[in-house]
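Chemist: In this text, residue positions in the sequence shown follow this note's numbering: the first is 78, and each later residue adds one.
For glycine and all other residues, C-beta sits at the position ideal for the given N, C-alpha and C.
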Amino acid sequence: MLTSPWRLMAALAGLLVLGIVIAGIAADRGLRELERQRVEISLREQAEVVAAELCPIDPKPDARARQDAACDRLAEALHVRVSLIASDGSLLADSDVDADRIASIESHAQRPEVREALAGRVGEATRRSDTIGRDLHYVALLCPGGGVVRVAGDVAVEAAAQASLRARLFGAACLGLLVSICAAWLLSRYAFAPIREMRRVAASIASGHLEGRLATSAGDELSPIAGAINQLAEQLRLRLEEVTQEKEQLRAVLEGMVEGVLVVDAKGSVLLANSRLREFYELTGNPVGRPYVEVLRDAAVDEVLRETAERDVTRQLRVGRGVPRTLQVQAVRFPATGGPRAGSVAVFHDISELARLEEVRRDFVANASHELRTPLAAIRGFAETLLDSPSLSDAERRSYLEIIDRHAQRLTHIVHDLLELSTIERGRLRLDPVEVDVGEVIGSLIRDTGPRLRDRKLELQYSARGSGRAFADPRALEQILINLLDNAMKYTEPGGKIEITVEDAGPKLRVRMRDTGIGIPEEDLGRIFERFYRVDKARSRALGGTGLGLAIVKHLVQSLGGEISVASRLGEGSIFSFTLPRAAAAKPVSDGSS
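(1) Quickly, what does DSSP pair residue 659 with across the bridge? List them, please.
(2) Of the residues 510, 573, 598, which one's Cα is nearest the Cα of residue 549?
(3) Just how far apart, CA to CA, sit residue 507 and residue 547?
(4) By how many angstroms is the C-alpha of residue 217 removed from the C-alpha of residue 138?
(5) Give me the DSSP bridge partner(s) of residue 124.
(6) Tell me the rounded alpha-carbon separation between residue 538 and residue 577.
(7) Examine the Cβ distances between the stretch 303-312 and the stretch 377-388 and report whether three or more of them are shorter than 8 Å.
(8) Could you name the residues of the same chain whose beta carbon sits closer than 7 Å to that of residue 459, not counting the 5 residues immediately before and after it, in chain order?
(9) Taking DSSP as the reference, what is the three-state secondary structure of residue 647?
(10) Hey, residue 222 and residue 132: beta-carbon distance below 9 Å or not?
(11) I want to know whether the stretch 242-253 touches the stretch 177-186 - three or more CB-CB distances under 8 Å.
(12) For residue 670, which of helix, strand or coil comes out of DSSP?
(13) If you count every other CB in all the chains shown that lies within 10 Å of the CB of residue 644, and 16 or more means buried, which is it?
(14) Once the 5 residues before and after residue 238 are set aside, which same chain residues still bring their CB inside 7 Å of it?
(15) I'd like the list of long-range same chain contacts for residue 284, defined as Cβ closer than 8 Å, with 5 residues on each side in sequence excluded.
(16) So, does the stretch 323-332 touch the stretch 414-423, judging by three or more C-beta pairs under 8 Å?
(17) Find the nearest neighbour of residue 594 within the set 563, 453, 310, judged by alpha-carbon distance.
(18) Where does residue 220 land, buried or exposed, given buried means 16+ other C-beta within 10 angstroms?
(19) Quick check: what's the CA-CA separation for residue 126 versus residue 134?
(20) What residues in its chain sit with their C-beta under 7 Å from that of residue 565, if we drop five residues either side in the sequence?
(21) Under three-state DSSP, which class holds residue 489?
(22) Compare the Cα-Cα distances from residue 169 to each of 141, 185, 186 and report the closest residue.
(23) Determine the burial state of residue 526: buried for a count of at least 16 other Cβ atoms within 10 Å of its Cβ, exposed for fewer.
(24) Quick one: any contact between the stretch 363-371 and the stretch 395-411, if contact means 3 or more CB pairs under 8 Å?
(25) Are residue 227 and residue 159 close, meaning C-beta to C-beta below 9 Å?
(26) Run the CB neighbour count on residue 363, radius 10 Å, all protein chains shown included, and call it buried at 16 or more, exposed below.
(27) Relative to the alpha-carbon of residue 123, which residue among 186, 361, 229, 172 has its alpha-carbon at the smallest distance?
(28) Applying the criterion that 16 or more other CB atoms from any shown protein chain within 10 Å of the CB defines a buried residue, is residue 662 buried or exposed?
(29) Output needed for residue 572: all residues of its chain with C-beta closer than 7 Å, excluding positions within five of it in sequence on either side, in chain order.
(30) Apart from the five residues just before and just after residue 586, which ones in its own chain have a Cβ nearer than 6 Å to its Cβ?
(31) For a minimum of 3 consecutive residues, which ranges assigned as the beta strand (DSSP E) are wholly contained in the stretch 509-557?
(32) Which one of 173, 152, 187, 156 has the shortest CA to CA distance from residue 163?
(33) Can you check which of these residues, 116, 570, 352, 244, is closest to residue 201 by C-alpha distance?
(34) Please go through the same chain and pick out, in chain order, the residues whose beta-carbon is closer than 8 Å to the beta-carbon of residue 407, but skip the five residues on each side of it.
(35) Let me make sure I understand the geometry here. Which of 183, 253, 145 has the alpha-carbon closest to that of residue 96?
(36) Out of 118, 167, 154, which has the shortest C-alpha to C-alpha gap to residue 130?
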């Protein structure tokens, strides 16, 4: 299909061709008429010249040779046929007829032009000559004294002249048509240049390049359209910037959310999945456009999203292969009301820590109740025995009172440790960090625990690599070391070994305590620092532990700006390691006290 400029050029060319054809036909007819009139006028003038030369006509036979020679001479000079005809119509002389044939030529009295001339008028006729067998155009004049002078021009010569004129006219028409087509092409190019520019700018806008603009000029018919396109491009640019900004803001919000967000359409294809959701389900690649069943592979999520077609859904899920997570998913459909469901939105809240804390809370309540119930039951039981049995001996009474005292002390230790742990957790423990030599604190601790170590037949070794100086509260550091050493001594069999190592670790000082005790099962390592959590409950109680020592150690280390960790294998012992700020790079630690 032709484009608009070519269609315009073709239309203009067609109109030009039609106009040239019509003008050519009219010109041809006019030129033919002009040529006929020119020939007639020329023949009349030539007839007058011949009449002036040959008139009057002498009809005598002896004059015919002279007159025939005169006709031949004039015919050769004027390039016409010259004839002399008597008043009775007989041919006297003819430039195109031999003299010996003239007598045999029939009378010309009935020739139209001869009749007109004999009647005293200018005779004209165009017809085929029976005498010489050619088409001729005749003009006849009456000679004074009688007779007719007739000249004739060859129609073929006249036709050749007309053909020559027609050929020139056709050539001029072709040249004019070519020039007109070129002019039409240039005109169409010029006329459609603004439209082509509009098309280019519109295509650029459609492809997303909104910077292009069209030039406008006053008085131009296309200026309003160009202005409208420019305004449209500007509005699109502003809308695109607004949409892009909103999209980036939404992306930033979604990517910054701690919740996972999943948006699916009515067919179950993923429209949006933020990075947090991909982290929850350990997704790789781009899930957009894929079915959520294939992406998540979670039957519980599939059930939740199916239920959103009828109602909003809130449910807890367990996900994760390596580290299990507890998620609370809230799913709703959109649009919320009216019309068919276009899709669903599900928000996944990670409540793993809340679930763990809830479990810790339940365990703490159970453990604390159990820890308090045992000594309370013993105290109450023996107190009731003392009250109900007045006949007890002094030795029995003293034994019962000692048991009551021992359990009362245990209760006191538990309550004291709970109060101390609560004080540390709430940041109310007053700490005074100073530069302290950790080696001296450990040495003092070794001296104080020497008798217990000998009684349990345990070997304690201490080594230091580096300065051994830290920035810490001496009392808190001493309590940390006492609890860790006491824990190591309780769970190390006689003949075992305990090693304490102090070493520099960059800006920190690391203290490592290793024992060859019974070790800790791997499944218990994550909860070893919880309150009242015991690996071997019977042994711990028998040794007098409250189950709060490691919890106190953890919070004291964190309050001093350090970190604590544990590594252990069952039957091979344990390694407790904690860090403290080194004295050279230390800064005061805020403990939240006022």
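Modeler: Working from what's here:
(1) Bridge partners of residue 659: 547.
(2) Of the candidates 510, 573, 598, the one whose C-alpha sits nearest the C-alpha of residue 549 is 510.
(3) Those two C-alpha atoms are separated by around 18 Å.
(4) Between the alpha carbons of residue 138 and residue 217 lies a distance of about 22 Å.
(5) DSSP output for residue 124 lists no bridge partner at all.
(6) Between residue 538 and residue 577, the C-alpha separation is close to 6 Å.
(7) Result no; under three Cβ-Cβ pairs closer than 8 Å.
(8) Within its own chain, the residues whose Cβ lies closer than 7 Å to the Cβ of residue 459, once the five positions on either side in sequence are excluded, are 477, 480, 481, listed in chain order.
(9) Reduced to three states, the DSSP call for residue 647 is coil.
(10) Yes, the pair counts as a contact, with Cβ atoms nearer than the cut-off.
(11) Under the Cβ criterion (8 Å, minimum of three pairs), the stretch 242-253 does not count as touching the stretch 177-186.
(12) Only weak support exists for where residue 670 lies, its pLDDT of 34 falling under 50; the value from the coordinates is given anyway. In this structure, residue 670 counts as coil in the three-state DSSP scheme.
(13) Per the 10 Å Cβ criterion, exposed.
(14) Close CB contacts of residue 238 within its chain, under the 7 Å cut and outside five residues either way in sequence, are with 112 (chain order).
(15) Hits under 8 Å: none found.
(16) No, the stretch 323-332 does not touch the stretch 414-423.
(17) It is 563.
(18) Buried.
(19) It is roughly 14 Å from the alpha-carbon of residue 126 to the alpha-carbon of residue 134.
(20) Result list for residue 565: 575, 590, 592, 594, in chain order.
(21) Helix.
(22) Nearest of 141, 185, 186 to residue 169, Cα basis: 141.
(23) Here residue 526 is buried. Its C-beta has 16 or more other C-beta atoms within 10 Å.
(24) Per the Cβ contact rule, the stretch 363-371 is not in contact with the stretch 395-411 (fewer than 3 Cβ pairs under 8 Å).
(25) With respect to the 9 Å criterion, residue 227 and residue 159 are classified as neighbours on the basis of their beta carbons.
(26) The residue in question, residue 363, is exposed, as its Cβ has fewer than 16 Cβ neighbours within 10 Å.
(27) The closest CA to that of residue 123, considering only 186, 361, 229, 172, is found on 229.
(28) Annotation note: pLDDT 47 at residue 662 (below 50); position unreliable, coordinate value reported separately. Burial check for residue 662: the Cβ neighbour count within 10 Å stays below 16, so the residue is exposed.
(29) Within the same chain, and ignoring the five residues on either side of residue 572 in sequence, the residues whose Cβ sits closer than 7 Å to its Cβ are 534.
(30) Non-local beta-carbon contacts of residue 586 in its own chain, meaning distances under 6 Å to residues more than five positions away in sequence, involve 547, 657, 659 in chain order.
(31) Runs found: 511-514, 536-542, 546-549.
(32) It is 187 whose Cα lies nearest to the Cα of residue 163.
(33) Closest in C-alpha terms to residue 201, from the list 116, 570, 352, 244, comes 116.
(34) The answer, listed in chain order, is 389, 390, 391, 423, 424, 426.
(35) The residue with the shortest Cα to Cα distance from residue 96 is 253.
(36) Per the Cα distances, 154.
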